[in-house]
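Beneath this line is the structure, given in structure tokens, with notes to follow.
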């Protein structure tokens with residue numbers, strides 16, 4: 001949990017707890033409740049999580065404030081009794097994200113990301129980020145990015161070990177060279 005300041009809600013840091021918090025705020029917004037500040041903070045935290053960003057409901061990704069999200073949800077239903085329809089819509093839209101986070105999805109992403117950031121190789125970090133971003137929207141692109149990541153890691157290991165690699169080397173050749181060190 002983060003430290004709560006006066007007037008600023010205590011938004012959970014854990015992605016699953018943050019997603020539940022955001023869902024509940026949006027449900028409250030459908031009935032003229034909820035917190036504008038809480039919505040903005042929770043939304044930004046989840047947008048900063050590569051594993052959660054792609055699974056956020058579209059109305060959250062495109063609505064940067066409470067007024068926008070309420071307007072978006074009014075297109076689902078309006079008038080007397082429509083709050084139940086909007087609430088059900090919000091709950092259904094959050095199911096994929098919550099299921100992913102409940103299953104521990106993204107745990108390896110975090111561990112690997114932290115490890116790569118300490119390796120201090122900007123190219124490696126860039127390829128890892130690209131692979132994470134493409135994983136859900138472009139699986140073939142994610143495979144290509146992951147392959148490039150593997151090549152970059154092998155090249156860095158060879159260089160750090162005092163070796164020299166050649167541009168024409170493919171992944172098996174790079175890996176066999178790394179295995180020598």
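Numbering (this note's numbering), first residue to last: 1 to 181.
Cβ coordinates follow ideal geometry from the N, Cα and C atoms, glycine included.
Bounding residues of the alpha helix (DSSP H) (the contiguous stretch that carries residue i)
i: residue 189; result: No answer is possible for residue 189: the residues shown for the chain start at 1 and end at 181.
i: residue 169; result: Taken as a continuous stretch (DSSP letters only), residue 169 belongs to no alpha helix (DSSP H), as it is neither H nor E.
i: residue 103; result: Run containing residue 103: none; DSSP gives neither H nor E here.
i: residue 12; result: Unbroken run through residue 12: none, as it is neither H nor E.
i: residue 251; result: Beyond the ends of the chain as shown, which are 1 and 181, falls residue 251; an answer cannot be given.
i: residue 77; result: Unbroken run through residue 77: none, as it is neither H nor E.
i: residue 56; result: Premise fails: residue 56 is in no alpha helix (DSSP H) and is neither H nor E.
i: residue 160; result: 139–160
Burial state of residue i, where buried means 16 or more other Cβ atoms lie within 10 Å
i: residue 43; result: buried
i: residue 4; result: Its pLDDT being 49, under 50, residue 4 is placed unreliably in this model, and the value from its coordinates should be taken loosely. Flag for residue 4 reads exposed.
i: residue 173; result: exposed
i: residue 180; result: exposed
i: residue 19; result: buried
i: residue 51; result: buried
i: residue 23; result: buried
i: residue 84; result: exposed
Distance CB(residue i)-CB(residue j) smaller than 8 Å
i: residue 76; j: residue 86; result: yes
i: residue 54; j: residue 149; result: no
i: residue 140; j: residue 16; result: no
i: residue 25; j: residue 35; result: yes
Through-space distance from residue j to residue i, alpha-carbon basis
i: residue 9; j: residue 38; result: 6 Å
i: residue 168; j: residue 151; result: 12 Å
i: residue 41; j: residue 90; result: 18 Å
i: residue 48; j: residue 56; result: 11 Å
i: residue 69; j: residue 59; result: 6 Å
i: residue 80; j: residue 31; result: 11 Å
i: residue 14; j: residue 146; result: 26 Å
i: residue 78; j: residue 97; result: 26 Å
i: residue 11; j: residue 160; result: 42 Å
i: residue 171; j: residue 154; result: 8 Å
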